[in-house]
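These notes concern the structure reproduced below.
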């Protein structure tokens, strides 16, 4: 992942829900030259932030024994199309169902108690084999979580 579009994971309910935050800062590279007279956060950034956070939620649900790759996005609604830099987004992702092969999820972003973006359906395809230890380390680095917060490493991890 070249760009990280969430700042940290704040809560995980294994196999059910993941929550995180994203500060939409004016210093973000994607805002350089984007609507120079009045910067607004592109809708695609909201989709990517939700997808990245949910992807880690899916991998955590499976004890980091697979890689979750976004394969379908449907029902995206941006209710605040002129989201200005400086906003702090609370991202919530829910895993509706997950199997050995794929996961069906949904997500939303709230800013100051207002729902600004919703993603009705996102499907992740699962890939194996993976380096479980490396995925756990990456999750810790990208989420700000320490190993003891992630739960015990499974045998063979």
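Residue numbers (the working numbering): 198 to 354.
For every residue, glycine included, the Cβ atom is placed at its ideal position computed from N, Cα and C.
Since the structure is predicted, the reported quantities are computational estimates derived from the model, not experimental observations.
Would the beta-carbon of residue 264 fall within 7 Å of that of residue 324? yes
Residue of 241, 336, 289 and 201 minimising C-alpha distance to residue 213: 289
Out of 286, 293, 309 and 308, which has the shortest C-alpha to C-alpha gap to residue 302? 293
Does the stretch 256 to 271 come into contact with the stretch 221 to 232, if we say contact requires no fewer than three beta-carbon pairs (one atom in each stretch) closer than 8 Å? no
Distance between residue 333 and residue 319 (C-alpha atoms, nearest Å): 23 Å
Report yes if the CB atom of residue 205 is closer than 7 Å to the CB atom of residue 216, and no otherwise. no
Since residue 330 is in the alpha helix (DSSP H), which residue starts that stretch and which ends it? 329 to 340
Have a look at 268, 322 and 228 and flag the residue whose alpha-carbon is nearest the alpha-carbon of residue 283. 228
Pick out the complete beta strand (DSSP E) segments inside the stretch 221 to 295, 3 residues or longer, and give them in chain order. 264 to 275 and 284 to 295
Since residue 286 contacts residue 306 with CB under 8 Å, what's their CB separation in whole angstroms? 5 Å
Check the C-beta distance from residue 219 over to residue 246 and give it rounded, since I have them as a contact under 8 Å. 5 Å
Mind checking whether residue 243 and residue 304 have CB atoms under 7 Å apart? no
Based on the DSSP output, what are the partners of residue 213 in its beta bridges? Residue 213 pairs with nothing; no bridge assigned.
Quick check: the Cα distance between residue 354 and residue 327, rounded to an integer number of angstroms? Summary for residue 354: the model assigns pLDDT 47, below 50, so the residue's position carries little reliability, and this model does not support an answer.
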